[in-house]
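*Asks:*
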Amino acid sequence: MVAASTACQVIWLRQLLDELNQKKITPTKIFGDKKSAISPSKDPVFHGRSKHIDIKFHYIHELVKGNEIAMEFCKSKDQITDILTKPLKAEAYYKLKNMMGMCNSESLSLREAVGI
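Residue 1 is where the sequence shown starts when you use UniProt numbering, and the numbers rise one by one after that.
#1: Using C-beta distances below 7 Å, list every residue in its chain close to D82, excluding the 5 sequence neighbours before and after it, in chain order.
#2: Tell me the DSSP secondary structure of T85 in three-state form.
#3: What three-state label does DSSP hand K97 in the structure shown?
#4: Using a threshold of 9 Å, state whether the C-beta atoms of V10 and I25 are closer than that.
#5: Hey, out of E91, I60, K35, whose CA is closest to E68's CA?
#6: From which residue to which residue does the alpha helix (DSSP H) around T28 run?
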């Protein structure tokens, strides 16, 4: 479960911010594209199919319950991180690049790039 690894990093960053007197009050959002992995973290219903759940799931559930993180659904096509981790078609690349707020440096003059 990748969310558990991400949650560990989130908790570390939240503790670092706390040490720097920048305590985060709201839960940190972790976006995922699998509803089947997100919904049990919010409302665990244990039945025959879920009796062999990994300890990582319980860790995620405790963090959600403790208001440290919030698991939210994001469609696969809108996962901004894909631009850094997957080969993409040009259309998807430009869409994600725009979602990140990136622009082509050659289309800006130096003054525009630094906001002068």
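Glycine is no exception: its CB is placed at the ideal position from the N, C-alpha and C atoms.
*Replies:* Let me lay it out:
#1: Result list for D82: L88, L96, in chain order.
#2: Three-state DSSP puts T85 in a helix.
#3: The three-state reading of DSSP puts K97 in helix, counting H, G and I together.
#4: Cβ distance not < 9 Å, so V10 and I25 don't count as in contact.
#5: When each option's Cα is compared against that of E68, the closest is I60.
#6: In the DSSP assignment, T28 falls outside any alpha helix (DSSP H) and within the unbroken beta strand (DSSP E) covering 28-32.
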